[in-house]
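Okay, structure first, notes after.
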Amino acid sequence: MNAIHLRKRLAVGAVAGLAVVGGVVGLSAYAAPGTEAEPIDAVTVAEVQEGGVRGASALTHEAALAVLDAAQDKAAELDQRVTVAIVDRSGNTVAMVQGDGAGPQSPDSAEAKAYTAVSWGRATSDLTEAAEGEGATIADIPGTLFLAGGVPVVYDGAPIAGIGVGGAPSGDIDEEIALAGLAALENLDG
Numbered sequence: 557m558n559a560i561h562l563r564k565r566l567a568v569g570a571v572a573g574l575a576v577v578g579g580v581v582g583l584s585a586y587a588a589p590g591t592e593a594e595p596i597d598a599v600t601v602a603e604v605q606e607g608g609v610r611g612a613s614a615l616t617h618e619a620a621l622a623v624l625d626a627a628q629d630k631a632a633e634l635d636q637r638v639t640v641a642i643v644d645r646s647g648n649t650v651a652m653v654q655g656d657g658a659g660p661q662s663p664d665s666a667e668a669k670a671y672t673a674v675s676w677g678r679a680t681s682d683l684t685e686a687a688e689g690e691g692a693t694i695a696d697i698p699g700t701l702f703l704a705g706g707v708p709v710v711y712d713g714a715p716i717a718g719i720g721v722g723g724a725p726s727g728d729i730d731e732e733i734a735l736a737g738l739a740a741l742e743n744l745d746g
């Protein structure tokens with residue numbers, strides 16, 4: 557997902573959220589001076605039954621920070637300037653660090669690799685052959701990048717996040733850094 561598209565989504569979401577909050581708060585803000593505003597009751601549109609809701613596993617922010625730290629530590633050890641991105645199961649970026657000196661293309665590359673890894677539940681290096689060939693391939697799917705450097709985070713047999721690294725001169729180095737971030741999850745206290 558490119559940065560411009562993500563910024564548009566964030567801007568639209570923020571404006572919509574402000575409009576809702578402004579509408580609710582604004583009703584009491586425009587009460588006549590010296591009068592007390594009536595509280596607004598929430599309106600229930602539909603009560604969702606237990607069978608209509610599913611739980612989803614996601615990384616905690618502590619886990620995401622551990623991944624970012626471990627990956628950037630590995631990048632420093634390898635003398636690489638990279639960006640590390642983490643996306644959730646829906647492909648939304650939940651954390652990102654652009655290392656000092658990382659190229660301007662590295663955030664987009666890292667996000668796309670993370671998105672690709674979580675989408676297929678496999679390392680992007682394992683998917684490069686499927687993206688090659690004549691005619692339409694999986695490489696035609698928007699927001700994907702089939703270069704090494706993206707790894708999925710799997711919990712209870714299903715991908716719940718993707719880690720992507722962009723900016724090293726080779727995808728193999730990006731993947732080594734991503735794997736260092738993934739390994740940090742094994743050391744978390746549960």
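Going letter by letter, the sequence shown gives residues 557 to 746 in our numbering. Think of the CB as a built atom: it goes at the ideal place given N, C-alpha and C, for glycine as much as any other residue.
Distances from the alpha-carbon of Ser726 to those of Leu703, Ala739, Leu621 put Leu703 closest. Straight-line measurement puts the Cα of Arg637 at about 8 Å from the Cα of Gly659. Taking the Cα of Leu701 as reference, the smallest distance to any Cα among Leu615, Lys630, Ala612, Gly720 is reached at Gly720. Cα atoms of Leu744 and Gly691: separation of roughly 44 Å, rounded to the nearest angstrom. Ranked by Cα distance from Ser665, the first of Thr639, Gly737, Pro708 is Thr639. Excluding residues up to 5 positions away in sequence, Leu634, Gln636 lie with their Cβ nearer than 7 Å to the Cβ of Ile729 in the same chain. Nearest to Glu667 by C-alpha distance, out of Gly705, Gly608, Tyr711, is Gly705. Under the three-state reduction of DSSP, Asp664 is assigned to helix. With respect to the 8 Å criterion, Leu741 and Ala622 are classified as neighbours on the basis of their beta carbons. Taken through DSSP and simplified to helix, strand or coil, Val638 comes out as coil. For Ala631, the uninterrupted alpha helix (DSSP H) segment begins and ends at 617 to 633. Within the same chain, and ignoring the five residues on either side of Pro708 in sequence, the residues whose Cβ sits closer than 6 Å to its Cβ are Ala673, Val674, Gly677, Pro715, Gly718. CA-CA distance, Gly689 to Gln661, rounds to 25 Å. A distance of 8 Å or more separates the beta carbons of Leu683 and Ile642. Per DSSP, the unbroken alpha helix (DSSP H) holding Ala740 starts and ends at 727 to 740. Taking Gln654 as the centre and dropping the five residues before and after it, the same chain places the C-beta of Thr639, Pro663 closer than 6 Å to its C-beta, in chain order. With contacts defined by Cβ atoms closer than 8 Å, Ala686 and Thr680 do not form a contacting pair. About 6 Å separates the CB atoms of Lys669 and Gly722; that is less than 8 Å, so the two are in contact.
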